[in-house]
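Read the structure below first, then the notes.
2 protein chains.
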Amino acid sequence: MRAMVMAAVALLAGAAEAKTLIVNANGMTLTGEGRVQRFAMMLVGDDGRVLATLPEGASEPKLERGDFRLDAKGRTLWPGLIDAHGHVMSLGFGALQLDLSDTRSLAEAQAKLKAYAAANPALKVIRGRGWNQVSWGLGRFPTAADADAMVADRPVWLERVDGHAGWANSAALRLGGVTAATKAPPGGRIERGVKGVPAGVLVDAAMGLVEKQLPPPGAGEAEAALAAALKIIASVGLTGVHDMGVDAGSWNLYRNFGDEGRLTARITAYAAGLQAVEAIAPLRPTPWLYDERLRLQGIKFYADGALGSRGAWLKAPYSDDPKNRGLQFLTDTRLKNMLSRGNFLGYQDATHAIGDAANAQVLDAYAELKPVYGERFRNRIEHAQVVDVADLRRFAELGVVASVQPTHATSDKAMAGDRVGEGRLAGAYAWASLLRSGARLALGSDFPVEPPNPFFGLHAAVTRQDRDGQPPEGWRKAEALTLVQALHGFTLGAAWAGLAEGKVGSLEAGKWADFILLDRDPMTIPPAELWRVQVLETWVAGRRVFVK
Amino acid sequence: MRAMVMAAVALLAGAAEAKTLIVNANGMTLTGEGRVQRFAMMLVGDDGRVLATLPEGASEPKLERGDFRLDAKGRTLWPGLIDAHGHVMSLGFGALQLDLSDTRSLAEAQAKLKAYAAANPALKVIRGRGWNQVSWGLGRFPTAADADAMVADRPVWLERVDGHAGWANSAALRLGGVTAATKAPPGGRIERGVKGVPAGVLVDAAMGLVEKQLPPPGAGEAEAALAAALKIIASVGLTGVHDMGVDAGSWNLYRNFGDEGRLTARITAYAAGLQAVEAIAPLRPTPWLYDERLRLQGIKFYADGALGSRGAWLKAPYSDDPKNRGLQFLTDTRLKNMLSRGNFLGYQDATHAIGDAANAQVLDAYAELKPVYGERFRNRIEHAQVVDVADLRRFAELGVVASVQPTHATSDKAMAGDRVGEGRLAGAYAWASLLRSGARLALGSDFPVEPPNPFFGLHAAVTRQDRDGQPPEGWRKAEALTLVQALHGFTLGAAWAGLAEGKVGSLEAGKWADFILLDRDPMTIPPAELWRVQVLETWVAGRRVFVK
Chain A
10 MRAMVMAAVA LLAGAAEAKT LIVNANGMTL TGEGRVQRFA MMLVGDDGRV
60 LATLPEGASE PKLERGDFRL DAKGRTLWPG LIDAHGHVMS LGFGALQLDL
110 SDTRSLAEAQ AKLKAYAAAN PALKVIRGRG WNQVSWGLGR FPTAADADAM
160 VADRPVWLER VDGHAGWANS AALRLGGVTA ATKAPPGGRI ERGVKGVPAG
210 VLVDAAMGLV EKQLPPPGAG EAEAALAAAL KIIASVGLTG VHDMGVDAGS
260 WNLYRNFGDE GRLTARITAY AAGLQAVEAI APLRPTPWLY DERLRLQGIK
310 FYADGALGSR GAWLKAPYSD DPKNRGLQFL TDTRLKNMLS RGNFLGYQDA
360 THAIGDAANA QVLDAYAELK PVYGERFRNR IEHAQVVDVA DLRRFAELGV
410 VASVQPTHAT SDKAMAGDRV GEGRLAGAYA WASLLRSGAR LALGSDFPVE
460 PPNPFFGLHA AVTRQDRDGQ PPEGWRKAEA LTLVQALHGF TLGAAWAGLA
510 EGKVGSLEAG KWADFILLDR DPMTIPPAEL WRVQVLETWV AGRRVFVK
Chain B
10 MRAMVMAAVA LLAGAAEAKT LIVNANGMTL TGEGRVQRFA MMLVGDDGRV
60 LATLPEGASE PKLERGDFRL DAKGRTLWPG LIDAHGHVMS LGFGALQLDL
110 SDTRSLAEAQ AKLKAYAAAN PALKVIRGRG WNQVSWGLGR FPTAADADAM
160 VADRPVWLER VDGHAGWANS AALRLGGVTA ATKAPPGGRI ERGVKGVPAG
210 VLVDAAMGLV EKQLPPPGAG EAEAALAAAL KIIASVGLTG VHDMGVDAGS
260 WNLYRNFGDE GRLTARITAY AAGLQAVEAI APLRPTPWLY DERLRLQGIK
310 FYADGALGSR GAWLKAPYSD DPKNRGLQFL TDTRLKNMLS RGNFLGYQDA
360 THAIGDAANA QVLDAYAELK PVYGERFRNR IEHAQVVDVA DLRRFAELGV
410 VASVQPTHAT SDKAMAGDRV GEGRLAGAYA WASLLRSGAR LALGSDFPVE
460 PPNPFFGLHA AVTRQDRDGQ PPEGWRKAEA LTLVQALHGF TLGAAWAGLA
510 EGKVGSLEAG KWADFILLDR DPMTIPPAEL WRVQVLETWV AGRRVFVK
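See the structure below:
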C-alpha cells in the first residue's frame, strides 16, 4: 500500500516540471567564447539546468502554475565559482578544530580550550591551532601543565599560529612517548623544564613525535568535517571544487553524502596517487555521479616539494642556499610510467610541480604522452609556480593546463624572491605570460593552505597585492590578470581543466544553473575592494544551498 | 552545444513515458497477503514499476504511440526469484576458473589447462578445480611436472573435485615455499616423490601452504568475476540476491557497476563484519541506490562454524565425535556487543548459526535487542540448521527471520544424521515446523557452496530429495514445504528478510516489474521435475536482462 502511494507521488512530481524564473538581476556571465554577456532574467528548468538568460527589456517568459518566480532586486548574479585546486577534507577538519588565533592571553586560550573540550565530548583528541605566546605577552611558551589544568582526560595538541610548533598536554606527551630521555629528531627541538622533563612545546621536526601517534579521526568526525567544508565552500560562492588527493575513505564519505542528497558542491576528485585509484575505481574513471556533482576523474601526483621549505626542485641552486637544488621526488622514468598509467586507464593526470626543474620534468613526460592520446590529452600541472622562461610556451604547445593559485603569489612574494632571486622570478607566478602564450589557466586557492574565498583569489590575480594592499604598486604587476581573465580562470578555465566545459562555468542554456548572488558588482568596484565582496546566496543546479 | 542537445534529448525522453504491456501470459504471483493470483496481462510503467496485472478476458489497456506490447505466447510468467543468502563475488571468481570436472583423462585435463592459460594471458595465477584422478583411471595423483609441461611461467593451482586436495605446478610450490624440508601442518599431507620432494598434490590443511601465498585477484579479474556472476544470476531467474559478507573492495566494484548501469540484479549487501562497515558506510546504512538495486543494509556475523567440519557449536557433543561440541566463536558478551552495535547504527544483523548452541546463543542476544528496537527489529539467523526443538518457537516469538537453504538439507542429509543423530534431527532443517510456529522463512542457496539455481531450491524444499530422486520417500518429508510456501520463501519471504517487502517479491501495482518467463508451469508439473525448469527470460525493473 505504501509503495502504491509512493508511486502515485512520483507520478505527480514528474508531471509538475516546475521552472524557476529569476527576474530583476544584474546578471553577468562569460560565454563559451569568453565574451561578457549581461542579462536581467534567467529561466531554470526543473532539472536544474539553465533554459535561457534574457536581457533587460525582454518580455518575461510565461510561467505555469507551480513554477517559481524570484525577484533578485537588482543584485549582481554571477556564475558559481570553481576552485581548481583545494583539499576538501583538510578544510573541514581544520574548521572543526579549536581556533585560538583570536586569544589575547594564556588565560583566554585556556578558557576557550576548556569550553571546546566540554562542547565536544565525543572527540578522542582535542586539536587546535592559532596560539601565539608573543601576542599573549607571556614571555615564555605555554606548558603541558597549562593545558592539563583545562583538559587532562584526552590528548590535547595545539599548533602555533605559524604551524612550526605544537603545544601538548601531558596525555599527548605520553601518547607520543616524549620523556626526559627522548632526543629531539634532526630539525626539531623539545622544550624542556627541570631535569630535561619535556615542558609541553615541540618545535618543527619534533612535532612528529606526537602527531604520528594521534589516532585518526573517527567516522563521526569525518562526517562533521565534510559537512563543515561544504558549508564553507557554499558560503564563499564556490559551486565546484577540484579536490586534490582523495583517498578511499574520503571518497566513500563523499558517496555517502551523494547517496543522501547532501553534496552541495560539485567535487571533481583527483585520487591520492595510484594506490587510491586501486581502491576506488581501478579500471577507469567513474561516470559523473549525482547529477554531475561527483566524479573520480584524475590522479594527483607529486614531482617535487614546496618553495618555503626548499623542497621545490630547481634547475640551479637556491639563491639563499647555494648548495641546494631542492628535492626531485621521482626519476624521469618512474614519473613517465606513473603518468602513462594514469592516462592509459583514462584518468587525467594532475601533477604537482613547483620548481622550474620539476615543471620541466613534468612537461617532458607530458610531451611523450601527448601524441599517444591526441585530442583526449588534457593533463595538468598543479601550481606551475617557478617555471623557466624557456618552458613557459610549452604549456600552450602541449595543451597542458596551468593550475595556479593567485593568493600563493601575494603570500609568497617576499619568500619567493629570497629563494630564487630576481632573475628566475621572470617565470614565477607568470599568469599573464602564460595566457599570452596561449596556455589554459585554471585558478584556485589550495585551501586550506590559503583561505577558500575565491574573491581573495580574484583580488590577488588582478591587483597582485595582499589584502593589506601591499605592495602598493602590485608585486610584479606585469603578470596581473584583468578581472575578466581572472573570472575566466575561476569559471570556464577551471571547468575546462576539469573536463566539464560543457556542463558548468557559464550561465548558458543547457549548463547547470550554478550561480551566486553578490552584495556588490565586482565589475564596477575598485579592484582593491574585490576581496571584500560578500556572497549573499549560492545556488547549485537551480537549488539554493547557501543564504547569508 | 552538445550540452544543449543532451538537455533536449532528456526532455523528449521525459515526455515519452513509454509503458510496456505484456499480453497472453500464464502469469502468477503471490500477493502481499500470500494468496496465489493469476493474470494474463501486465502493464509496466516507464519507471520499471508494475502499473497493473489483469486477468484473462479483461479488456486490453489502451496504449499510446511509443508504448511497447509484448506477446508472452502463453508462457509462464513468475515474479523474479530472490536468493536470501549467496556470495556474489565467490560465484563470479568460481565461474572464471578452469573447470576440469568434465575431463576423462590426465591428457585431456592437461590440454584444457594449456588452452586456458593461453586464452588468459593476463591472469597472474591459473586457478581451477574439478579434477578427479579416479575417474581419469590414472592410478596415481597428478604431479607438478604434469602441470609444468603445460604452464611453467605462472603458478597453477587446481582443486580436486571434492575441494580436499590441490594440484600445484612447480611455480605454485615455490610460491608456497613447499620443499622437501617442509612439514605438513596438522590435518594436512604433502604428497612426496623420491627424497621427500613434494610431488605436486597437497591435501586438506596442507593446501593452505600454497593458497595463502597466491596473490589476490587484480581489478580486471574482479570486474570479470562480477560480470560473470551477474550473468549466471540472471540466467537462473534470480532478480535479487542477499549478498552475505561484502568487503570494501567488492562494494566499490558494485558501485562502479551501478554507476555504469551494469547492475542487472538487486544486491542487498551485508557487510563482512564491522570492519567492512567502517570502510563503507560507518555511520548508517546507505540509502537504496540505482533504482533500488544496491544497498548496504546489514552486517554478517558468525556465531559458529559448519557441520561437515564439526565446527558447528552444539549443546551436546557430536554423535560421531563424543568429546567434541564444535566451536563457539564468540562469548555471549562479545556477540551481544557486536549485534547491538549493528542495530544501533541502523544496520540489520544477519548472524550465521548452524549448531543448536549457536542458534540459542544468537536468539538470546536478539531477545535482549528486541525490546530496544521494537517494530524496527528485524534481524536474521543465517542457516538455522540444527535448532533445539525447544528453541524453534523463539524465531516466531522474537520476529527473527530464519534464512535457510533447502539444497543444504538434501546435500547434507547423510552427514547431518552422522553428526547429530536421529534425536536432534527433529529440529534440523525444520522448515515446516518453523512455518507452523509462525516464523518468517527466507530461502536461498548459499551459492557457490550450492548451485545458484533457485529451482533446485524449490525442488529440494518441496520434495526433500536430491536431484537423483534420493531418498525416494523424501528425507524427513514432514518438514517439506508446499510449492506455494517455497515460492513465498524465494519471493515475499526473502523480500521481507531484506526489508524490501514494499518493493519486490510480488507483481503488484507499485512494485518493481522484476519477473521471469519459464519453459513450463511449475504449478502443474510433477514436483520431481521442478529442478528442470528452464528460465527463458529475466526482467529487472521492466527491462530484459537475460534471454535464453
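So the sequence lines, in the order shown, correspond to chains A and B.
Each residue of the first sequence is one higher than the last, beginning at 10 in this note's numbering.
Each residue of the second sequence is one higher than the last, beginning at 10 in this note's numbering.
Beta carbons: idealized from backbone N, C-alpha and C, even for Gly.
- With a beta-carbon spacing of about 7 Å, Gly249 (chain A) and Gly89 (chain A) fall inside the 8 Å limit used to define contacts.
- In chain order, Asp268 and Glu269 make up the part of chain B whose C-beta sits under 8 Å from the C-beta of Pro296 (chain A).
- Distance check between Asp330 (chain A) and each of A:Ser318, A:Arg343, A:Thr340 and A:Val556 places A:Ser318 closest, using alpha-carbon atoms only.
- Within the same chain, and ignoring the five residues on either side of Gly229 (chain A) in sequence, the residues whose Cβ sits closer than 7 Å to its Cβ are Ala131.
- For Asp523 (chain A) and Phe77 (chain A), the gap between their C-alpha atoms comes out near 17 Å.
- Along the length of the segment 251-312 of chain B, whole beta strand (DSSP E) runs at least 3 residues long occupy 275-281 and 303-311, reported in chain order.
- For the segment 287-315 of chain B, the beta-carbon criterion of a distance under 8 Å to any beta-carbon of chain A is satisfied by Glu287, Ala288, Ile289, Ala290, Pro291, Leu292, Thr295, Pro296 and Leu298.
- Per DSSP, Val493 (chain B) is not a residue of any beta strand (DSSP E); the alpha helix (DSSP H) it occupies stretches across Leu492 to Phe499.
- With a minimum length of 3 residues, the unbroken runs of beta strand (DSSP E) contained wholly in the segment 457-539 of chain A fall at 524-527.
- Buried is the label assigned to Thr277 (chain B), since at least 16 other Cβ atoms lie within 10 Å of its Cβ.
- In the DSSP annotation of this structure, the continuous segment of the beta strand (DSSP E) that includes Leu60 (chain A) starts and ends at Val59 to Leu63.
- DSSP, read as helix, strand or coil, puts Val371 (chain A) in helix.
- Scanning chain A for C-beta atoms nearer than 7 Å to the C-beta of Gly229 (chain B) yields Leu292, reported in chain order.
- If you compare the alpha carbons of A:Gly519, A:Asn368 and A:Leu283 with that of Gly314 (chain A), the shortest gap goes to A:Asn368.
- One thing to note: Asp213 (chain B) has its Cβ within 7 Å of the Cβ of Gly196 (chain B).
- Proximity of Glu232 (chain A) to chain B, defined by a Cβ-Cβ separation below 7 Å, is satisfied.
- The alpha carbon of Leu323 (chain B) has as its nearest neighbour, out of B:Ala437, B:Ala411, B:Lys133 and B:Ala234, the alpha carbon of B:Ala437.
- The segment 429-449 of chain B makes contact with the segment 388-397 of chain B; the number of CB pairs closer than 8 Å reaches 3 or more.
- The shortest CA-to-CA distance from Ala374 (chain A) to any of A:Met347, A:Val542, A:Tyr327 and A:Gly447 is the one to A:Met347.
- Contact between the segment 408-416 of chain B and the segment 444-464 of chain B is present: three or more C-beta pairs spanning the two stretches fall below 8 Å.
- For Gln46 (chain A), same chain residues with a beta-carbon under 8 Å away, outside a window of 5 residues either side, are Met37, Thr38, Leu39, Thr40 and Thr62 in chain order.
- The shortest CA-to-CA distance from Gln357 (chain B) to any of B:Asp341, B:Lys379, B:Tyr263 and B:Leu501 is the one to B:Lys379.
- Among the residues of chain A, none has a CB under 8 Å from the CB of Arg78 (chain B); the nearest is roughly 21 Å distant.
- Residue environment analysis places Lys422 (chain A) among the buried positions, since at least 16 neighbouring C-beta atoms fall within 10 angstroms of its C-beta.
- In chain order, Leu107, Leu109, Ile135, Gly137, Ala156, Met159, Val160, Val165 and Leu167 place their CB closer than 8 Å to the CB of Leu122 (chain A), counting only its own chain and leaving out the 5 sequence neighbours on each side.
- The DSSP-derived three-state label of Arg183 (chain B) is helix.
- DSSP places Met50 (chain A) in the uninterrupted beta strand (DSSP E) bounded by Met50 to Val53.
- Shown here for Gln474 (chain A): same chain residues with a beta carbon closer than 8 Å to its own, the five before and five after excluded, namely Thr419, His468, Pro480, Pro481, Gly483, Trp484 and Ala537 in chain order.
- Among the residues of the segment 242-268 of chain A, those with a Cβ less than 8 Å away from any Cβ of chain B are Ala257, Gly258, Asn261, Arg264, Asn265 and Asp268, in the order of the chain.
- A distance below 8 Å between beta-carbons, with the five flanking residues on each side excluded, links Leu272 (chain B) to the following residues of its chain, in chain order: Leu239, Tyr263, Phe266, Tyr299, Arg302 and Leu303.
- Under the DSSP assignment, Thr38 (chain B) falls in the beta strand (DSSP E) whose first and last residues are Asn35 to Leu39.
- Shortest Cα-Cα distance from Thr295 (chain B) to any of B:Ala280, B:Gln284 and B:Lys309 involves B:Ala280.
- Secondary structure of Ser442 (chain B) (DSSP, three-state): helix.
- Taking the Cα positions, Arg334 (chain B) is about 35 Å away from Leu496 (chain B).
- For Gly197 (chain A), the uninterrupted beta strand (DSSP E) segment begins and ends at Gly197 to Arg201.
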